[in-house]
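First to last, the sequence lines map onto chains A and B. Residue numbering for the first sequence follows our numbering, starting at -19 and increasing by one per position. Residue numbering for the second sequence follows our numbering, starting at -19 and increasing by one per position. Shown next, in structure tokens, is the structure this report addresses.
There are 2 protein chains.
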Amino acid sequence: MKARVTIMLKDGVLDPQGEAIRHALAGLGHKGVSGVRQGKVIELDLTGADKAAAEAEVARMCEGLLANTVIEKYSVEIL
Amino acid sequence: MKARVTIMLKDGVLDPQGEAIRHALAGLGHKGVSGVRQGKVIELDLTGADKAAAEAEVARMCEGLLANTVIEKYSVEIL
């Protein structure tokens, strides 16, 4: 089973990396971009077969290691 | 309009960052993880209203700046 975790900075947390990308895109002539946020995506190969258990397990991984829940939000998709 | 770009290393390209995450998860007792790949996600706020044009524009951004297409693959979703 595969799981995909998407981790983004929470709304309101400054994202200088996203801002740098927006600036670079504008410099390359892509004028229609009003905002950019950058985050991480982590794809996990899981050995279990129980979808609900996998989702709970991946949420524990996010809380314990993958995301900094003070400033980041995460979402889990089981594929 | 919002677009989400997901950028992952191509299959076969070594991903030491993903491997480090896998190792750390195993150390924390998450034994059911057989592989990890890490990538980037970039969320763009676009000013245009034409979905097909936006998709083509974002693909040009990926080719020109966001992804290194030698070692990375990208996918574009218009939300």
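Backbone N, C-alpha and C define an ideal beta-carbon position, used for all residues, glycine too.
The alpha helix (DSSP H) enclosing residue i, as first and last residue numbers
i              : result
residue -17(B) : Note, residue -17(B): premise wrong, no alpha helix (DSSP H); beta strand (DSSP E) at -18 to -11.
residue 51(B)  : That residue, residue 51(B), is in no alpha helix (DSSP H); it is neither H nor E in DSSP.
residue -7(B)  : Per DSSP, residue -7(B) belongs to no alpha helix (DSSP H) and is neither H nor E.
residue 43(A)  : Premise fails: residue 43(A) is in no alpha helix (DSSP H) and is neither H nor E.
Chain-ordered chain A contacts of residue i [CB-CB under 8 Å]
i             : result
residue 25(B) : 13, 14, 15 and 16
residue 1(B)  : 22, 45 and 46
residue 28(B) : 12
Assigned exposure category for residue i - 16 Cβ within 10 Å defines buried
i             : result
residue -7(B) : exposed
residue 51(B) : exposed
residue 29(B) : exposed
residue 59(A) : exposed
residue 2(A)  : buried
residue 57(B) : exposed
residue 43(A) : exposed
residue -9(B) : exposed
residue 34(B) : buried
residue 8(A)  : exposed
7 Å Cβ shell around residue i - same chain, five flanking residues per side excluded
i             : result
residue -3(A) : 18
residue 47(B) : -13 and 54
residue 23(B) : -18 and -16
residue 49(B) : 43
CB contact below 8 Å: residue i versus chain A
i             : result
residue 19(B) : yes
residue 49(B) : no
CB contact below 8 Å: residue i versus chain B
i            : result
residue 4(A) : yes
Contact list for residue i against chain B, beta-carbon separation under 8 Å
i             : result
residue 37(A) : 10 and 12
Residue interval of the beta strand (DSSP E) (run including residue i)
i             : result
residue 23(A) : 13 to 26
Other residues of its chain near residue i: CB distance less than 6 Å, five sequence neighbours each side excluded
i             : result
residue 31(B) : 58
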